[in-house]
Each structure stands twice: as structure tokens, then as C-alpha cells.
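Quick note, the sequences are listed as chains A and B, same order.
Okay, so the first sequence: first residue is 814 according to my numbering, each after it adds one.
Okay, so the second sequence: first residue is -14 according to my numbering, each after it adds one.
Quick reminder that beta carbons are idealized off the backbone N, C-alpha and C, glycines included.
Since this is a predicted model, take the numbers as computed values, not measurements.
What follows is one structure encoded as C-alpha cells, with my remarks underneath.
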Amino acid sequence: MNFGFLRQIGQGAFHFLASFGRIAFFTASAVRWTLQPPYYGRQIGRQIIDIGYYSLPVVGLTTLFSGMVLALQSYTGFARFSAEDTVATVVVLSVTRELGPVLAGLMVAGRIGASMAAEIGTMRVTDQIDALDTLSTRPMQYLVAPRLLAGTICLPFLVIIGDIIGVFGGYIVGVYRLGFNASLYLSRTLQFLEVADVMLGVIKAAVFGFLIALMGCYHGYHSGRGAEGVGLATTNAVVSSSIFILIANYIVTALFFGV
Amino acid sequence: MVAKIKIENLKKSFAGKEVLKGVSLEVAPQESLVIIGTSGCGKSVTLKCLLGLIAPDEGAILIDGTDTVGQSRNAREQMLHRFGMTFQFGALFDSLPIWENITFRLRQKVKMSRQEARKIASDIVVQLGLSAHVIDQYPAELSGGMQKRVALARAVADKPEILLFDEPTSGLDPITGGVIDNLIKDSVKRLGATAITISHDMASVRRIADKVAMIHHGVVIWYGPAAEMDHTGIPEVDQFVHGKAQGPLTQAINDDALSVGTNS
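Quick look at the structure:
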């Protein structure tokens, strides 16, 4: 009997569990060192600018056009049962609760997750991480902790700004393309919006920001040798953070279901 | 006299492959030891074990008589303050200007102003034959030889007791290599430091070594004064020292290459 197939399944399961264990161990270690002094203020500041400030255009454009498309699509759908006046409410709730955090998360994962993995991966293959260690500086505190903090802090702000721009996109289409009354559209936008809707998006964003930074750092830190190793680390960082964002999105939504 | 560094029966395996099979070495205070050997023989792993970057499977590493294997994180950090290290490709921090690279550890240890740190960095680079204005440049803007000097500057900035150099002249032309060797020699002498260097470059070995150790297949096959390395009577050492294409090392290198090919 040929056991090759079973062996492959076993090896796959073993690798999956080993990766899971490594990620869990890295996460615990990263969180521990993030909470312990010293805090590298300049590194944190640099990451906040990189993640928060330089991601604004890409998040802004994504949410703007998503808000605009959402207004058009929901109008098309709701017009079929004469519910066009709910377009503003649908846009604001969809953007704040779901589209804003998920789209911002995915865009930042592509931009920042890749850049973190590439930077830390290059540091790994050029012995800069070992050099940090020999210079009595813990790489987890100097490299990983500032990125985790910055990711967790910046994403909520990015999402709030993205929400405003997304809703504005819906407003532009609603008023100038679909002919809604401007003040009526605005009042409909605010009428059913609750603080909990915005908070749900903000909580999701903080979780996504943490996951993006964690995956970027993890894959960079464990990068293989050479250009190929760094390239693979970059790809893995983007793919894994995107998948984790989608999984975490369901978990957070389910936890706050009905809120 | 108590050895400054004593390595006893160091063993380390990676994925079942035994890289170090019992390395033992001693370095006296203020002595300069150069470790030679073919690529993959375990030189760099020995150095990384010494720094605690890799945990050995067996053996002891004594610094001033104290075993450092398995020591606590805090004890290791304290120990690292006594070391200065240059890596094969410099390992300078790309995102920091040269003055911050050089004063990196000093600034972690002691609070100092930007001006103070720049002054220290500037003094060191001038001592190492570089123009003071390089301190504002970034590593990528410097040539290979300049990067090696900056790496040396970073290693000596904190005035360590022990200096480790991983192939300090690799990739450099012979003249720049000679200059780097002289700088290493001067720095070691000025600081009164104990030094371990890994090198393939025999001209460099002759310039900087007091003692030489050759590692082959994970064990030290010869250890003695640099002046005696030409007459050891050991075929492997003789082939390496004189750079002969034919000899026992050639067969060993070919066997290693074949085993890698078979394993992959």
C-alpha cells in the first residue's frame, strides 16, 4: 500500500501546527516586549508617520470610490422596491461598520505589511538584527514593538478619516448624480448612525492594525536567506495579514453582533 | 594566567548536521587570535556561540573564567557590553546616519546630547582615516572599504575589552584590506583588547594574528603562534596557508558539495 498521500497530509498538518506555534510564540514575545520599557520614541514616531500619514492617500482614495460605488449600487437595488431614500443610511452604515475598516486594512496590509517584512527581512539577511543584539539592544523592542504600537494606534485614525471620506463619496454621488436633496441626504446619513457603529469600525481597525504589523514583523524576522527569502517573506506577510484581517473581521463582527 | 576567552568542547548541530564537533580554544588577554578554515567549517558558528547569538548543544565558553553558556538574558546583556563586533558585510543600520551607527550603543547606555554624540563619532572616524563629514552620510552612500571602517568605528566606540571581526577584509582590494588590517591592529593595541578574527585572507592573517587556529570539519586541527603556521606538518593547514588548489581540503570541499547536492 502506498502511504505517500497520507505522509503528505501528515507533513502538511505538522507544518501548519509548527507555523501556528511559531506565530503564537512570536505574538506572546512581541506583546511582552511592547509593554516593557525602554520605549523607543523615535522609532514609534517614524512608524506612526509611515503607517498613519503616508497611508492616508491610498486609504482616502479607496474609501472615496467605495462610498461612491456603494451609493450607485444601493440606489439601483433599492429603487426596485421604492426605498431610494435609505441610500444615505445604507452608505454610512456599510462604510463605518464594514467597508471602511476592511478596505483600509487590506490596503494598509499591502502597503505597510510588505514594507515591514522587506525592511526587517533585509536587516535579517544582512546581519543587522544580529548587530542590534550584539549592541545590547533587543530587536523585539527596537524593531517589532514600535511597529505593533504604531499599527494598532494608526489604523483606527485612518479608518475614521476613511469613513468620513467614504461617506462624502456617497454624498457626492447621491446629491450630484442621483439628485438627492443635500440637506436631506445629510440628515438621513446622521439619523440612524450610532456611536456603536463607528466604535465597531474603530475596534476592528485596531485589531487589523495589530495583525498587519505582527505579520509584517513575523515574516520579516523569520525571512530566509538572500533576495528570494526576503521576496517570499514580503509575499507571505501580505497574504497572511489579508487572510487574518478577513478572519478577524468575522470574529469581531460576531462578537458585537446586534450592537 | 587565566585565559580571557576559553572555549571548551563546543558542539552544535543544525537539522541533524553536526557543524561544531568539539571546538576547544584559548585566547590570552590582549592576544589576537585568527581563526582560519574553509567555508562552512564552523568559524562563524563559533563566533555566534561566543556572542550568545546561537546556543551551543554542548560545551562551555568562559570569559575571564565565567561560563557564559546558558546564562540569563540580563547577564548576557551585561556581557555583551564587553564585546565589540564587526560583521562580514558591515551590518550597518541602513536607516541611520553614520554618526548614529557609531554611537548606537553609547547612546543606549548613556544619555548624551546629539552634539556630544556627533563629536565622538567625528573623532573616531578621523582616527580611522575618514573625513569627519562622512558622519552625516548614510551607509548606502559609502564604498565597501569605508563601510568596513565605519563598522570598525562602531565596534570600538564603546572601548570594549574583546573585539570580534568576521572576515574584515573580504570583498576589499589588497590595499584597502591592508589599511583595514592596520586599523584593526592599532585599535586592538590602543584599547588593550583581546581579539578574535575570522579570515580567509592569508596576507591579513599574517598581519594581525598573534596566534592562529584552523578549524576543519568542526574541530580545531591546528592551533599555535602565527609564525609557525607555515611549518605545521599538517597537510590541511599547509594547503590552506599556501592556497594550493590540490590537497586534502579540495577533496573535502568536493565531498561537501556533492553531499549538499544529494541532500537537496
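### Query
Do you know whose CA, among B:Thr51, B:Asp49, B:Ser24, B:Gln56, lies nearest B:Ile39's CA?
B:Gln56
### Query
Taking the alpha carbon of A:Thr875 as the point to measure from, which residue in A:Val1065, A:Ile974, A:Met953, A:Leu1068 has its own alpha carbon closest?
A:Ile974
### Message
In whole angstroms, give me the CA-to-CA distance for B:Asp158 and B:Val111.
### Response
Those two C-alpha atoms are separated by around 21 Å.
### Task
Using three-state DSSP, classify A:Phe981 as helix, strand or coil.
A:Phe981 sits in a helix when the DSSP states are folded into three classes.
### Query
Are at least three pairs of beta-carbons, each pair with one atom in the region 71 to 86 of chain B and one in the region 933 to 951 of chain A, less than 8 Å apart?
Touching, yes, given that three or more Cβ pairs across the two stretches are closer than 8 Å.
### Query
Distance, Cα to Cα, A:His828 vs B:Asp151?
Looking at the two C-alpha atoms, the distance is approximately 34 Å.
### Message
Would A:Phe1023 and A:Thr965 be called neighbours here (beta carbons separated by less than 8 Å)?
### Response
The Cβ atoms of A:Phe1023 and A:Thr965 lie closer than 8 Å to each other.
### Query
So, are the CB atoms of A:Ala1050 and A:Ala930 less than 8 Å apart?
yes
### Query
Roughly how far, in whole angstroms, is the beta-carbon of A:Leu968 from the beta-carbon of A:Ala927, given that I think they are within contact range, below 8 Å?
Their Cβ separation, rounded to whole angstroms, is 16 Å, which puts A:Leu968 and A:Ala927 out of contact at 8 Å.
### Message
So that I know if they touch, is there some Cβ in chain A lying closer than 8 Å to that of B:Met70?
### Response
yes
### Task
Using the Cα positions of B:Leu127 and B:Gly114, report the straight-line distance between them to the nearest angstrom.
14 Å
### Query
At a Cβ cut of 7 Å, what residues of the region 50 to 66 of chain B count as close to chain A, listed as they run along the chain?
Glu62, Leu65, His66
### Task
Output, in sequence order along the chain, the residues in the region 930 to 958 of chain A whose CB is closer than 7 Å to any CB in chain B.
Close to chain B, meaning a Cβ-Cβ distance shorter than 7 Å, are the following residues of the region 930 to 958 of chain A: Thr939, Asp940, Gln941, Asp943, Ala944, Asp946, Thr947, Leu948, Ser949, Thr950.
### Task
May I ask you to report which of helix, strand or coil DSSP gives B:Leu77?
In the structure shown, B:Leu77 adopts coil according to DSSP, grouped into three states.
### Query
Under 8 Å between C-beta atoms, does B:Phe150 make it to chain A?
no
### Task
Note the first and the last residue of the continuous alpha helix (DSSP H) segment covering A:Tyr998.
Residues 995 to 1004.
### Message
Buried or exposed for B:Asn239, going by 16 or more other Cβ atoms inside 10 Å?
### Response
exposed
### Query
Where B:Ser17 and A:Phe833 are concerned, what is the direct C-alpha to C-alpha distance, given to the nearest angstrom?
Going by the C-alpha atoms only, they are around 45 Å apart.
### Message
For B:Phe(-1), would you say it is in contact with chain A, using Cβ-to-Cβ distances shorter than 8 Å as the test?
### Response
Residue-level contact check: B:Phe(-1) does not touch chain A, since none of the beta carbons of chain A fall below 8 Å from its beta carbon.
### Presumed contact (8 Å Cβ cut-off) between A:Val980 and A:Gly880, rounded CB distance
6 Å
### Message
Suppose contacts are defined by Cβ-Cβ distances below 8 Å. Is B:Pro145 in contact with B:Phe72 by that definition?
### Response
Taking a C-beta distance under 8 Å as the contact criterion, B:Pro145 and B:Phe72 do not qualify as a contact pair.
### Task
Verify the CB distance criterion: does B:Phe74 have a CB-CB separation below 8 Å to chain A?
yes
### Continuous alpha helix (DSSP H) stretch holding A:Ala831: start and end
817 to 848
### Query
Does DSSP put B:Met199 in a helix, in a strand, or in coil?
Of the three classes helix, strand and coil, the one that applies to B:Met199 here is strand, per DSSP.
### Query
Hey, which unbroken runs of the alpha helix (DSSP H) at 4 residues or more fall wholly within the region 91 to 177 of chain B?
The alpha helix (DSSP H) runs lying completely inside the region 91 to 177 of chain B and spanning 4 residues or more are 99 to 112, 129 to 141, 159 to 176, given in chain order.
### Query
If we ignore side chains and look at the alpha-carbon of each, how far apart do B:Thr31 and B:Val8 end up?
8 Å
### Query
For B:Phe89, does the count of other Cβ atoms within 10 angstroms reach 16, so buried, or fall short, so exposed?
Result: buried.
#### Entry: Where the alpha helix (DSSP H) containing A:Leu1045 begins and where it ends
1039 to 1068
### Task
Pick out the complete beta strand (DSSP E) segments inside the region -2 to 48 of chain B, 3 residues or longer, and give them in chain order.
2 to 12, 17 to 21, 43 to 48
### Message
Does A:Pro851 pass the burial test, meaning 16 or more other C-beta atoms within 10 Å, or should it be called exposed?
### Response
exposed
### Query
Any idea if B:Asp215 is buried or exposed, counting beta-carbon neighbours within 10 angstroms, 16 or more meaning buried?
exposed
### Span separating the alpha-carbon of B:Val141 from that of B:Thr53
22 Å
### Message
Measuring alpha carbon to alpha carbon, tell me which residue in B:Glu43, B:Lys33, B:Gly1 is nearest B:Asn(-6).
### Response
B:Glu43
### Task
Leaving aside the five residues before and after B:Thr161 along the sequence, list all residues of the same chain whose C-beta is less than 7 Å from its C-beta, in chain order.
Gly130
### Message
Quick check on B:Phe72: does DSSP put it in helix, strand or coil?
### Response
Assignment of B:Phe72 by DSSP, reduced to helix, strand and coil, places it in the strand class.
### For B:Asp223 and B:Ala230, the rounded distance between their alpha carbons
11 Å
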